[in-house]
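Working notes, structure below.
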Amino acid sequence: MMRWVGKRVDSGLRAAAMTLVVLCSSSQAQPPAPAAPSFVPGEILIKFKPGTTTEGASSVISTFGLQPVQLFPELDVHRCRLPEGTDVEAALRACKGDATIAYAEPNYIYTASRLPNDPRFAELWGLQNDDDFDIDAPEAWEAQTGLPEVLVAIIDTGVDYNHEDLRANAWRNPGEIGNGRETNRTDDDSNGFVDDVFGWDFAGKDNDPMDDNGHGSHVAGTIAAAGNNGVGVVGVNWRTSIMALKFLSANGSGNAADAIDCILYAARNGARVLNNSWGGGGFSQALRDAIEFSRTRNAVFVAAAGNEGRDNDRSPSYPASYDVDNVMSIAACDREGQLATFSNFGRTSVDLAAPGVDILSTTPGNTYSAFSGTSMATPHASGVAALVIAHFPQSTYRQVMIRLAGSVDPAAPFEDTTWNGGRLNAAAALSAAPQVAFVTRAEASVNPEGPYRIDAEAIDDGSIQSVRLSYAVGGGSPTAVEMQSVAENAYRAEIPGQPAGSQVSYFVDVADDAGNTARSRTYRFQVGGNAGAPGCSPISLPSTMSVQARVLSVLVNVLLILLAVQGARKLIAKRSNSATKL
Amino acid sequence: MDSRSQSGARPRLYRAAGALAGSGFSRPLLCVATTCGLLATIACRSYEPERLAFASIVEGARPASGDAPGSTGVAYRTFFDARAWSEFWQGSFAEAVPPVRFEEEFVLCLELGTKPSGGYGVEVRDVEFEARTGELQVILELLEPGADEMVIQILTAPYSMVRVRAPRAAFDRRPPPIRFRRQVGSERRPIEGRCLDTGASEPR
Chain C
3 MMRWVGKRVD SGLRAAAMTL VVLCSSSQAQ PPAPAAPSFV PGEILIKFKP
53 GTTTEGASSV ISTFGLQPVQ LFPELDVHRC RLPEGTDVEA ALRACKGDAT
103 IAYAEPNYIY TASRLPNDPR FAELWGLQND DDFDIDAPEA WEAQTGLPEV
153 LVAIIDTGVD YNHEDLRANA WRNPGEIGNG RETNRTDDDS NGFVDDVFGW
203 DFAGKDNDPM DDNGHGSHVA GTIAAAGNNG VGVVGVNWRT SIMALKFLSA
253 NGSGNAADAI DCILYAARNG ARVLNNSWGG GGFSQALRDA IEFSRTRNAV
303 FVAAAGNEGR DNDRSPSYPA SYDVDNVMSI AACDREGQLA TFSNFGRTSV
353 DLAAPGVDIL STTPGNTYSA FSGTSMATPH ASGVAALVIA HFPQSTYRQV
403 MIRLAGSVDP AAPFEDTTWN GGRLNAAAAL SAAPQVAFVT RAEASVNPEG
453 PYRIDAEAID DGSIQSVRLS YAVGGGSPTA VEMQSVAENA YRAEIPGQPA
503 GSQVSYFVDV ADDAGNTARS RTYRFQVGGN AGAPGCSPIS LPSTMSVQAR
553 VLSVLVNVLL ILLAVQGARK LIAKRSNSAT KL
Chain P
738 MDSRSQSGAR PRLYRAAGAL AGSGFSRPLL CVATTCGLLA TIACRSYEPE
788 RLAFASIVEG ARPASGDAPG STGVAYRTFF DARAWSEFWQ GSFAEAVPPV
838 RFEEEFVLCL ELGTKPSGGY GVEVRDVEFE ARTGELQVIL ELLEPGADEM
888 VIQILTAPYS MVRVRAPRAA FDRRPPPIRF RRQVGSERRP IEGRCLDTGA
938 SEPR
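Residue numbers (our numbering), protein chains in the order written: chain C, 3 to 584; chain P, 738 to 941.
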């Protein structure tokens with residue numbers, strides 16, 4: 003049942019004050035459950051080399067102390083049980099040294115995907131559903147379920163860190179726990195905050211960021227409700243650390259100064275992902291500066307695109323629209339794979355879409371509720387960012403963003419409503435294959451003179467062999483040009499100028515040194531066409547002259563004109579003098 | 738109860754009659770004039786809505802599910818007995834059922850349509866009863882996020898519940914027809930109301 007959030011205003015009917023939680027060492031995070039083995043313990047499969055007799059094989063098996071369990075005669079593969087207490091990997095190493103053995107391997111356990119035992123998992127359509135308009139979470143969990151070392155800041159209405167499904171993943175500030183430091187009224191870690199165990203409440207100016215609204219806890223659950231614990235729901239991360247930072251009050255609103263405090267606290271205390279399921283308030287240079295600071299601390303700032311159903315390219319929605327390159331703006335999609343009717347969008351200002359309609363998650367007091375909004379889409383993306391950081395721990399903030407944006411499931415509803423043209427996909431974001439994203443799209447003007455500059459960003463878990471731009475004019479065959487590296491993960495090439503009215507299409511191919519490849523979506527623009535026209539994506543023209551060169555050119559021209567005028571006047575004067583003499 | 742004062746019309750005709758008495762009119766004429774004045778006053782009073790005392794029980798915004806924001810107007814329910822009120826409250830809130838003296842009060846629950854974010858709200862400013870038509874008129878103030886306010890990006894449905902002091906017996910039709918108006922500055926603009934009570938009577 004949905005719990006209403008309200009303020010009681012009749013003094014005689016006020017609800018009991020929320021019980022403050024005693025911050026004590028007994029509330030330590032439960033140690034994460036050990037990862038399930040991906041092979042049958044105590045068993046291996048052995049294949050002997052051709053020519054090995056049955057007696058010879060039996061002799062080897064008994065020499066290693068193995069117990070034969072099963073023989074696959076067609077394959078000549080033996081399934082053997084190891085002596086009690088023998089490690090599978092140690093046994094495999096021993097087998098490799100035997101000249102008669104062709105190969106030995108674990109008896110691997112195969113599953114369709116890694117599903118958690120959380121009883122309400124089936125209701126989490128955003129993580130998995132039959133229509134596959136989900137983020138492919140179970141497939142991602144095959145590779146990564148998250149790490150407690152990855153710190154995600156929830157900048158919101160607080161978090162119910164006592165919730166049965168959040169408690170295990172609530173961050174405990176290591177500098178403020180143990181030996182009674184939780185409540186000793188001392189800033190033990192000298193970070194400027196006293197007894198900040200779970201985070202900080204910047205709205206109430208105290209150390210208890212308990213959620214008094216429900217929104218922050220819901221967001222936290224999508225990112226990191228404890229997985230496979232047999233309770234409630236599961237987050238995108240089974241394990242991670244949630245830092246609770248409260249600046250939105252019980253009625254869900256707050257101010258810029260408190261938001262800035264949250265961002266600075268998160269960045270200074272090691273958060274790699276900042277989830278911002280809030281918006282409004284217009285442009286604030288100070289807030290932008292705070293986000294810029296978080297960028298210098300290698301944090302990804304994930305923000306809700308907004309719920310007004312409008313185009314953020316035309317009407318910015320902050321903080322999602324700040325032009326800092328660690329900001330990811332997230333639109334919401336529904337379970338039919340469409341852009342949610344309320345969701346803001348933006349061909350160049352919104353990065354991708356994620357599930358945001360009827361999302362079930364944790365709410366205060368061990369309850370669970372379904373909410374809708376880009377607030378709900380944002381933590382899906384934050385959660386995947388945390389998974390990526392757990393899987394590729396050396397990643398920079400921008401590399402994390404390239405992985406998220408480059409791995410979207412492309413879909414028509416998002417082609418002209420998001421920059422990268424698709425829905426979030428966690429499994430693809432963790433892929434070892436190269437990714438290409440943030441390819442230059444529509445801009446304000448086009449010009450037949452050209453050239454048209456195309457930028458793209460690419461990443462690979464190994465090294466990138468080549469990044470190529472292919473373009474075609476009209477229905478002609480494509481021309482490929484090598485894109486030059488202009489910065490880490492950033493590449494650039496130019497398409498030469500084309501006659502007005504030409505239809506130009508282009509895409510970017512990336513190949514790594516292992517032969518893996520990736521291709522961007524195909525983009526189109528019409529030379530001299532109207533910006534924003536359906537089906538075409540006119541791009542900006544790079545200036546062929548720098549500003550200084552243009553100024554100099556104008557000055558030289560003015561000087562030449564002045565000289566010409568001067569010369570003409572002298573000539574006229576000379577002629578008139580000659581005429582007078584005559 | 739944080740009651741609102743009831744203001745009746747001042748019997749201005751009394752003062753007019755006094756003035757006439759001092760100006761040399763004959764006593765019978767004065768009596769007739771006074772009686773006419775009294776009747777006129779009573780007639781006027783019966784056409785002027787009576788302001789009812791009310792108190793807020795709870796107000797806030799519940800998260801709205803689905804993806805269809807933008808509906809306008811207000812949906813409402815009324816409760817005239819403890820059992821129905823108790824069932825309704827317990828279906829939505831974990832706290833104890835707020836007491837209501839149903840012998841002299843009823844409960845009015847309002848909910849606005851879906852809004853795109855937090856920061857929206859609805860507050861009851863006035864409740865008036867027009868005896869002539871048997872209608873209630875509820876004056877609302879609709880709250881929106883300020884230009885510099887940062888709010889949660891979740892669909893919400895703002896609501897408000899009030900106790901209104903008026904015995905059930907005061908209404909010919911139960912639940913009574915209700916008209917809603919939004920206070921905008923000094924202006925009161927009509928808002929569409931949709932009754933969710935079963936067997937509700939619509940405003941005429």
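Glycine included, each C-beta is placed from N, C-alpha and C at the ideal position.
Please read all numbers here as calculations on a predicted model, not as lab measurements.
Around the beta carbon of Gly-53(C), a 10 Å sphere encloses fewer than 16 other beta carbons of the protein chains shown; the residue is thus reported as exposed. Per DSSP, the beta bridge partners of Ala-492(C) are Glu-459(C), Ala-489(C). Residue environment for Phe-416(C): buried (at least 16 other C-beta atoms within 10 angstroms of its C-beta). Taking 8 Å as the CB threshold, Asn-309(C) lines the interface with chain P.
In the three-state DSSP reduction, Asn-277(C) falls in the strand class (E or B). Secondary structure at Glu-785(P): coil, using DSSP grouped into helix, strand and coil. Looking at the DSSP output, Leu-129(C) sits in no beta bridge, so it has no partner there. Along the region 355-372 of chain C, the positions whose C-beta sits under 7 Å from a C-beta of chain P are Val-359, Asp-360, Ser-371, Ala-372, read in chain order. Listed by position along chain C, the residues whose Cβ is nearer than 7 Å to that of Gln-920(P) form an empty set, because the closest Cβ is around 18 Å away. Using a CB distance cut-off of 8 Å, Asn-328(C) does not count as an interface residue toward chain P.
Between Asn-215(C) and Thr-159(C), the C-beta spacing is below 8 Å. DSSP places Met-378(C) in no beta strand (DSSP E) but in the uninterrupted alpha helix (DSSP H) bounded by 376-393. Remark: C-beta atoms of Pro-321(C) and Ile-293(C) approach each other more closely than 8 Å. As the crow flies, the alpha-carbon of Ser-323(C) is around 42 Å from that of Ala-792(P). Under the rule that a run must span 3 or more residues, the beta strand (DSSP E) segments found entirely inside the region 844-885 of chain P read 858-867, 872-880. Using beta-carbon distances, Asp-885(P) counts as an interface residue toward chain C, with a partner under 8 Å. By the Cβ neighbour-count rule, Phe-347(C) is buried, with 16 or more other Cβ atoms within 10 Å of its own. Shown in chain order are the members of the region 157-190 of chain C whose Cβ falls below 9 Å from a Cβ of chain P: Asp-158, Thr-159. Excluding sequence positions up to five before and after Pro-835(P), its CB lies within less than 6 Å of the CB of Ile-794, all in the same chain and listed in chain order.
Between Thr-376(C) and chain P, the shortest Cβ-Cβ separation is below 8 Å.
Pairing Leu-73(C) with Gly-67(C), the inter-Cα distance amounts to about 17 Å.
For Trp-127(C), not one C-beta of chain P is nearer than 8 Å to its own C-beta. At least one C-beta of chain P is nearer than 8 Å to the C-beta of Ala-258(C). The region 229-239 of chain C makes no contact with the region 290-306 of chain C; the number of CB pairs closer than 8 Å stays below 3. The Cβ atoms of Asp-167(C) and Phe-204(C) do not sit closer than 8 Å to each other. For the pair of segments examined, the region 822-842 of chain P was found not to touch the region 380-400 of chain C: the number of CB pairs separated by less than 8 Å stays below three.
Taking Phe-41(C) as the centre and dropping the five residues before and after it, the same chain places the C-beta of Val-90, Pro-108, Asn-109, Tyr-110, Ile-111 closer than 7 Å to its C-beta, in chain order. One Cα belongs to Ile-456(C), the other to His-80(C), and the distance between them is close to 57 Å. Between Val-469(C) and Tyr-508(C), the CB-CB gap reaches or exceeds 8 Å. With its beta carbon less than 8 Å from one in chain C, Gly-855(P) belongs to the interface. Under the three-state reduction of DSSP, His-80(C) is assigned to strand. Only residues of its own chain outside the window of five on either side were considered, and among them Ser-507, Phe-509 have a CB closer than 6 Å to the CB of Thr-524(C), listed in chain order. Cβ atoms of Ile-157(C) and Ala-301(C) stay farther apart than 8 Å, at about 11 Å. What Ala-431(C) touches in chain P, judged by beta-carbon distance under 9 Å, is nothing: the nearest beta carbon there is about 23 Å away. Using a Cβ distance threshold of 8 Å, Glu-872(P) and Pro-914(P) count as a contacting pair. At least 8 Å separates the beta-carbon of Ala-495(C) from that of Gln-505(C).
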